[in-house]
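Chemist:
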Amino acid sequence: MSDQLTKELVLRAPAKLNIYLQVGALRSDGYHDITTVYQAINLHDEVHISSSHSNQGITITISGSEASDDVPTDERNLAVKAVKLLASFVGRTNHCVEIHLVKNIPSQAGLGGGSADAAAVLVGCNELWNLALSSKELMTLGARLGEDVPFHIHGMMAIGVGHREPLTDALAAPSSGDSIPRSHIWHWVLGIPFAGGLSTKEVFGKLDELACGRNPADYTAAQIKCLATTWASEPPSGAEIAKNLYNDLEAPAVALLPVIGECLKAGLAAGALASLMTGSGSTCAFLAMDGGHAERLNVELKATGLFRRVIVTAGPVEGVSIVRQE
Ligand code: ATP
């Protein structure tokens with residue numbers, strides 16, 4: 003099939019929160035198994051992909067409020083790796099594309115910005131090259147790029163178990179295609195500490211060094227069950243949700259960057275239902291009762307001076323989507 007029909011695609015790549023994250027023992031390959039519950043939120047990078055006829059290979063440019071020196075503009079960028087992986091998977095020799103990332107998702111923040119971009123590139127190139135791979139195939143491929151890539155394709159809420167394995171369980175919306183009932187929307191305020199980002203490797207390293215107490219397995223099952231019933235006709239209350247949010251990586255992240263502990267406390271002092279670090283940090287997520295409460299927390303948290311950026315957001319939202327196609 004020809005891929006000349008579509009010239010440019012614009013995709014929306016949502017960030018994720020780990021609303022639950024438990025780390026298993028260190029494996030012989032140096033990685034840890036994890037058990038996590040993801041939620042996609044309405045904070046997005048915008049990913050532009052177009053066919054390039056200049057034979058310059060893959061080019062990548064970056065703009066946006068979160069463009070920074072942290073985000074590589076060469077083959078180290080996960081978006082570039084995603085193009086190469088998909089091309090080699092389908093045996094395509096011409097993979098000249100131009101990618102432009104409008105970064106809104108802070109990087110090294112535990113929000114999965116790089117994985118979101120990679121997920122968007124897999125979905126985008128599948129369309130641009132008329133490959134007709136299913137979402138499931140793209141998710142399986144995405145897992146080779148990074149733990150979180152399959153979830154960014156899937157979106158909404160899902161459970162991930164193991165290391166770079168397919169999502170165990172997708173927590174489907176009440177009836178697919180309908181918009182999510184207001185009662186099922188979670189309102190969040192995110193605080194990005196001034197102190198900077200944390201590398202995932204460093205945080206896992208600290209976890210092993212501290213050998214800190216991890217969440218016992220039986221407790222895990224009960225917590226996940228509560229978070230997973232969020233789609234029931236009577237979703238759990240904010241207070242119930244708050245009790246079950248959890249992250250094993252919080253303690254090592256606080257040990258590396260004590261200001262994260264201060265940030266988490268500041269959220270509770272401001273009246274958040276819960277404070278939780280997402281992924282390997284350093285973003286702190288504060289659960290609000292509703293949109294109005296989130297706005298009030300936003301004002302209070304900005305006034306603490308602890309955060310370089312405070313963001314009001316909500317979830318769950320769908321995964322990567324194509325917003326324009328020319
Ligand atoms: P993770 O939890 O997956 O380690 P994160 O959510 O904390 O990641 P990312 O925004 O994915 O943070 O950035 C982690 C690192 O990945 C950055 O420091 C950067 O060097 C690298 N990176 C590669 N590609 C990208 C991209 N497209 N956007 C942002 N960072 C990228």
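Numbering-wise (the working numbering), the sequence shown opens with residue 3 and increments by one.
Heads up, the beta-carbon is just placed ideally off N, CA and C, and yes, glycines get one too.
Look up H154 in the DSSP assignment and say whether it is helix, strand or coil.
Modeler: Along the sequence shown, one-based indexing puts residue 154 at 152. Three-state DSSP puts H154 in a helix.
Chemist: Restricting to Cα atoms, I'd like to know which of A27, F288 and V104 is closest to E48.
Modeler: One-based indexing of the sequence shown puts residue 48 at position 46. Ranking A27, F288 and V104 by Cα distance to E48 puts V104 first.
Chemist: Comparing C-alpha positions only, which one of Q110, E242 and G273 sits nearest to A197?
Modeler: Against the sequence shown, residue 197 aligns to sequence position 195. The shortest Cα separation from A197 among Q110, E242 and G273 belongs to Q110.
Chemist: Taking C-beta to C-beta, are K18 and L88 nearer than 8 Å?
Modeler: The count along the sequence shown starts at 1 and reaches residue 18 at position 16. The count along the sequence shown starts at 1 and reaches residue 88 at position 86. No, they are not a contact pair.
Chemist: When you compare the stretch 27-35 with the stretch 58-65, are there three or more beta-carbon pairs, one atom per stretch, that lie closer than 8 Å?
Modeler: Too few Cβ pairs lie closer than 8 Å, so no.
Chemist: Quick check for students: name the residue ranges of the beta strand (DSSP E) that lie wholly in the stretch 120-164, counting only runs of 3 or more.
Modeler: Within the stretch 120-164, the complete beta strand (DSSP E) runs of at least 3 residues are 159-164.
Chemist: Under 8 Å, with one C-beta from each stretch per pair, do the stretch 272-283 and the stretch 66-81 reach the 3-pair mark?
Modeler: No: the two stretches stay apart, fewer than three of their Cβ pairs being nearer than 8 Å.
Chemist: Can you give me the start and stop residues for the beta strand (DSSP E) that R184 sits inside?
Modeler: Your numbering for residue 184 matches position 182 in the sequence shown. Here R184 belongs to no beta strand (DSSP E), and DSSP marks it neither H nor E.
Chemist: Quick check on DSSP: helix, strand or coil for P218?
Modeler: The residue labelled residue 218 in the question sits at position 216 within the sequence shown. The answer is coil: DSSP assigns P218 none of H, G, I, E or B.
Chemist: So, using beta-carbon positions, are F309 and G193 closer together than 8 Å?
Modeler: Here the question's residue 309 lines up with position 307 in the sequence shown. Here the question's residue 193 lines up with position 191 in the sequence shown. The answer is yes: Cβ separation under 8 Å.
Chemist: At a threshold of 7 Å, does S144 count as lining ligand 1 (C-beta to nearest heavy atom)?
Modeler: The count along the sequence shown starts at 1 and reaches residue 144 at position 142. Position check: residue 144 holds Gly in this sequence, whereas Ser was assumed. No.
Chemist: Buried or exposed, going by whether 16 or more other CB atoms sit within 10 Å of the CB of R29?
Modeler: In the sequence shown, residue 29 corresponds to position 27, counting from 1. R29 should be labelled exposed.
Chemist: Per DSSP, which one or two residues make a beta bridge with L19?
Modeler: Stepping through the sequence shown from its first residue, residue 19 is reached at position 17. L19 pairs with Q41.
Chemist: Which residues in the same chain have their Cβ closer than 7 Å to the Cβ of E297, if we skip the five residues on either side of it in sequence?
Modeler: Position 295 of the sequence shown, counted from the first residue, corresponds to residue 297. If we look at E297 and ignore the five residues flanking it on each side, its Cβ neighbours are V314.
Chemist: Does DSSP classify D210 as helix, strand or coil?
Modeler: Walking along the sequence shown from the start, residue 210 turns up at place 208. If DSSP states are grouped into helix, strand and coil, D210 belongs with the helices.
Chemist: Taking only the alpha-carbon atoms, compute the straight-line gap between A274 and A290 and give it to the nearest angstrom.
Modeler: Along the sequence shown, read from residue 1 onward, the residue named residue 274 stands at position 272. Along the sequence shown, read from residue 1 onward, the residue named residue 290 stands at position 288. About 6 Å.
Chemist: Could you tell me whether any non-hydrogen atom of ligand 1 is closer than 7 Å to the CB of S67?
Modeler: Indexing the sequence shown from 1 puts residue 67 at position 65. Checking every heavy atom of ligand 1 against the Cβ of S67, none is found closer than 7 Å.
Chemist: Straight-line CA distance for S4 to V301?
Modeler: Residue 4 sits at position 2 when you count from the first residue of the sequence shown. Residue 301 sits at position 299 when you count from the first residue of the sequence shown. At S4 the pLDDT is 46, less than 50, meaning the model places this residue with poor confidence; the figure from the coordinates comes in the next sentence. If I take the Cα positions, the gap works out to 52 Å.
Chemist: If you measure between the beta carbons of G209 and V82, is that distance less than 8 Å?
Modeler: Here residue 209 is taken as the residue at index 207 of the sequence shown, counted from 1. Here residue 82 is taken as the residue at index 80 of the sequence shown, counted from 1. First, the residue type needs correcting, since residue 209 is Leu and not Gly in the sequence shown. Not a contact, by the Cβ cut-off of 8 Å.
Chemist: Could you check what DSSP says for H295 in three-state terms: helix, strand or coil?
Modeler: Against the sequence shown, residue 295 aligns to sequence position 293. H295 falls in the helix class under three-state DSSP.
Chemist: Taking 7 Å as the line, does the beta carbon of M148 fall inside it for any heavy atom of ligand 1?
Modeler: What you label residue 148 is simply residue 146 of the sequence shown in a count that begins at 1. First, the amino acid is wrong: residue 148 is Gly here, not Met. Under cutoff, so the answer is yes.
Chemist: What does the Cβ neighbour count give for P195, buried or exposed, with the cut at 16 atoms within 10 Å?
Modeler: Along the sequence shown, one-based indexing puts residue 195 at 193. Under this definition P195 is a buried residue.
Chemist: Does the stretch 236-256 come within contact of the stretch 214-226, defined as at least 3 CB pairs closer than 8 Å?
Modeler: Segments in contact, yes.
Chemist: Taking a contact to mean a Cβ-Cβ separation below 8 Å, would you say I101 touches H50 in this structure?
Modeler: Mapped onto the sequence shown, residue 101 falls at position 99. Mapped onto the sequence shown, residue 50 falls at position 48. It is a contact, given that the beta carbons lie within the stated cut-off.
Chemist: Sorry if obvious, but does the Cβ on Q24 come closer than 7 Å to a heavy atom of ligand 1?
Modeler: Along the sequence shown, read from residue 1 onward, the residue named residue 24 stands at position 22. No, the beta carbon of Q24 sits no closer than 7 Å to any heavy atom of ligand 1.
Chemist: Express the C-alpha separation of L251 and C265 in angstroms, rounding to a whole number.
Modeler: Here residue 265 corresponds to residue number 263 of the sequence shown, with the count starting at 1. Here residue 251 corresponds to residue number 249 of the sequence shown, with the count starting at 1. About 15 Å.
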